[in-house]
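Residue numbers (the working numbering), protein chains in the order written: chain A, 138 to 387; chain B, 479 to 707.
Structure first, then comments.
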Amino acid sequence: MSLVIARNELRRLFVQPLAWALLAAVLGVLAYFFLLTLQGFLVLMPKIAGIPTAPGVTDLVALPLLRAIASVLLLVVPLLGMRAFAGDRQSGALPLLLASGLSDARIVVGKYLGLVAFLIVLILLALAMPLSLQVGTALDLTRLATAALGLILFVATLAALALCASSYAQQPVVAAGLALVLNLLLWMLDAGARYEGVSSDFVNYLALPTHLEPFLHGIVASVDIVYFVLLATVALALATRRLGAARVRG
Amino acid sequence: MLAGRRIVASLNLTLDRGSVLGLLGVNGAGKTTTLRMIAGLLAPSSGQVLIGGVELSEQPSGARRLGYLPELPPLYAELRVGEYLDFCARLHGLRGTLVTQAVTRVIERCGLGDVRRRLLGNLSKGFQQRAGIAQALVHAPDLIVLDEPASGLDPLQAVQIRALVRELGKEHAVILSTHLLPDVQACCDRVVILHEGRARYDGPRQALGDDLEALFLRIVSTPDEPVAA
Numbered sequence: 138m139s140l141v142i143a144r145n146e147l148r149r150l151f152v153q154p155l156a157w158a159l160l161a162a163v164l165g166v167l168a169y170f171f172l173l174t175l176q177g178f179l180v181l182m183p184k185i186a187g188i189p190t191a192p193g194v195t196d197l198v199a200l201p202l203l204r205a206i207a208s209v210l211l212l213v214v215p216l217l218g219m220r221a222f223a224g225d226r227q228s229g230a231l232p233l234l235l236a237s238g239l240s241d242a243r244i245v246v247g248k249y250l251g252l253v254a255f256l257i258v259l260i261l262l263a264l265a266m267p268l269s270l271q272v273g274t275a276l277d278l279t280r281l282a283t284a285a286l287g288l289i290l291f292v293a294t295l296a297a298l299a300l301c302a303s304s305y306a307q308q309p310v311v312a313a314g315l316a317l318v319l320n321l322l323l324w325m326l327d328a329g330a331r332y333e334g335v336s337s338d339f340v341n342y343l344a345l346p347t348h349l350e351p352f353l354h355g356i357v358a359s360v361d362i363v364y365f366v367l368l369a370t371v372a373l374a375l376a377t378r379r380l381g382a383a384r385v386r387g
Numbered sequence: 479m480l481a482g483r484r485i486v487a488s489l490n491l492t493l494d495r496g497s498v499l500g501l502l503g504v505n506g507a508g509k510t511t512t513l514r515m516i517a518g519l520l521a522p523s524s525g526q527v528l529i530g531g532v533e534l535s536e537q538p539s540g541a542r543r544l545g546y547l548p549e550l551p552p553l554y555a556e557l558r559v560g561e562y563l564d565f566c567a568r569l570h571g572l573r574g575t576l577v578t579q580a581v582t583r584v585i586e587r588c589g590l591g592d593v594r595r596r597l598l599g600n601l602s603k604g605f606q607q608r609a610g611i612a613q614a615l616v617h618a619p620d621l622i623v624l625d626e627p628a629s630g631l632d633p634l635q636a637v638q639i640r641a642l643v644r645e646l647g648k649e650h651a652v653i654l655s656t657h658l659l660p661d662v663q664a665c666c667d668r669v670v671i672l673h674e675g676r677a678r679y680d681g682p683r684q685a686l687g688d689d690l691e692a693l694f695l696r697i698v699s700t701p702d703e704p705v706a707a
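Pasting the structure below:
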């Protein structure tokens, strides 16, 4: 039943200009970034060609692009997810789902899957850029695959945070702002602590980049997977709780 | 109880298939709160809602025999009428060819044939209201709950909606809330007058004849006087 909602969410995203505009803007920015790094690589390549352990095109072009995707999505996912509940609440469409007899958890999961599906499409389109280099050179496809997996886990977590913010906010704009603050906080948490001279494993563990970087280096560790799954689950559970609380409070 | 305030109390309603119950009251009487509780949007602090003898919260999802139209029709402005009703049918557990059949039937019944390919956001208020009613009907529920279905419509649209409600009352059990006496006179078999959260009158409409307005005004102006059914 959640899949019915997910499909509808995906359809609603694709019939609105916002999603298309964001998709075009994100891919445009990434394409520019991709060309710049490619240009840089072409300049650098003759100089490092003789060094046996020199980084290759995967390290110098593909992975920087994936890092750029992560940074851009940090800003874009809140905009894509802001309407999930706050928008429906504002337009009066939320009672349709609430009165359907589906559990709050299923409603949240349905909305979540729809948003994640859209983001996966976006990531795959962006990945087509570095993959196109395969025509002329040999990419480290295993590393690209682990990096893509990490990126998908990362955006799935961002989507859960955006949905959670949307379930608490009355207006979509507030939801987007809230999700953005959460994202940036989790992104810069460890950097902030380090600037302050605090080097704590706990603060490190909380920060998003700590768990994304290993994937980009080709390392799939359960601790990182657990982190993303845990964070997403907590965010979705909070969103579910919020819907339930609204049934009691009105 | 909402925010520590008692909105509706000691309300006891039963309704059979094939009848239309009109919940009448001034603004703030507790009509919408009552309907939201029936639809499962609000949990009553005490008491229960049974449909077909089964508690609302215990009904399996998808098999819920209830259709609900809130005061503001719950539409997705960016979808076309057909797409939207297709989703509503699936949301209530219909699958395969049943979806197409149900959508075709409800579009015909609610007079939405000419606008089926138009975006919901671009429709007039009357058509949006019809689309809202259509989503409440599409899965052929036993109980249909309509919150002020004719408010804000022009006289012609209001007449058409009332005729539709009367039609629905032949096959389903319908509860509608309204503060418009003509709504009740045109389509209800039974009237419950709600005032300050309590049912002050509960009885067949025919028994009232033309006295509905007088009774209503008496209840509203003398809140403490008991009124028998």
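Ideal Cβ placement from N, Cα and C applies to all residues, glycine included.
Item                                                                                                                                  : Value
Residues of the stretch 215 to 232 of chain A whose Cβ lies closer than 9 Å to any Cβ of chain B, in chain order                      : D225, S228, G229, A230, L231, P232
Nonlocal neighbours in the same chain, by C-beta distance under 7 Å from R287 of chain A, ignoring five residues either side          : Checking the displayed sequence, the identity of residue 287 of chain A turns out to be Gly instead of Arg. Excluding positions up to five away in sequence, the list reads L349, F352, L353.
Assumed close pair G560 of chain B, R543 of chain B - CB separation to whole angstroms, cut-off 8 Å                                   : Actually they do not touch by this definition, with Cβ atoms about 24 Å apart.
Boundaries of the alpha helix (DSSP H) in which D327 of chain A is found, first to last residue                                       : 309 to 332
Alpha-carbon spacing of I185 of chain A relative to V209 of chain A, whole angstroms                                                  : 30 Å
Test: Q153 of chain A CB closer than 8 Å to a CB of chain B                                                                           : yes
Interface residues of the stretch 555 to 587 of chain B facing chain A [CB-CB below 8 Å]                                              : A555, E556, L557, E561, F565, C566, R568, L569, H570, G571
Spatially closest choice to A143 of chain A from A:A162, A:K248, A:A330, by CA coordinates                                            : A:K248
Alpha carbon of T174 of chain A to alpha carbon of L615 of chain B, nearest angstrom                                                  : 57 Å
According to DSSP, residues forming a beta bridge with S304 of chain A                                                                : Paired residues: none, contrary to the question.
Distance cut-off 7 Å: M266 of chain A Cβ against heavy atoms of the ligand GTP                                                        : No copy of the ligand GTP occurs in the structure displayed, which carries no ligand at all.
A223 of chain A and V152 of chain A closer than 8 Å at C-beta                                                                         : no
Interface partners of P633 of chain B on chain A, CB under 9 Å                                                                        : Correct list: empty, because the minimum Cβ distance to chain A is about 24 Å.
Which listed residue (A:I289, A:L264, A:F291) has its alpha carbon closest to that of L278 of chain A                                 : A:L264
Reference A302 of chain A, options A:L140, A:L216, A:A161, closest by Cα                                                              : A:L216
Partners in chain C for N341 of chain A, counting only beta-carbon separations shorter than 7 Å                                       : In summary, chain C is missing from the structure at hand, where the protein chains are A and B.
Residue-level contact to chain B via CB, V385 of chain A, 8 Å cutoff                                                                  : yes
Three-way DSSP call (helix, strand, coil) for Y546 of chain B in this model                                                           : strand
Beta-carbon contacts of G165 of chain A that lie in its chain and below 7 Å, excluding the five residues immediately before and after : none
For R683 of chain B, three-class secondary structure by DSSP                                                                          : coil
Cβ neighbour criterion (16 or more within 10 Å) applied to Y546 of chain B                                                            : buried
Min CB distance P660 of chain B to chain A below 8 Å                                                                                  : no
Chain A residues whose Cβ lies nearer than 9 Å to that of A636 of chain B                                                             : Neighbours of A636 of chain B on chain A: none; closest Cβ ~20 Å, over 9 Å.
Through-space distance from S629 of chain B to N505 of chain B, alpha-carbon basis                                                    : 12 Å
Residues bridged to V498 of chain B [DSSP beta-bridge criterion]                                                                      : B:V652
Cβ-Cβ separation, A369 of chain A to A293 of chain A (assumed contact under 8 Å), whole Å                                             : 6 Å
For I622 of chain B, three-class secondary structure by DSSP                                                                          : strand
Amino acids of chain B, ordered along the chain, whose beta-carbon sits closer than 8 Å to that of R149 of chain A                    : Y554, E556, L557
Listed by chain order, chain A residues near P548 of chain B by CB distance under 7 Å                                                 : G229, P232
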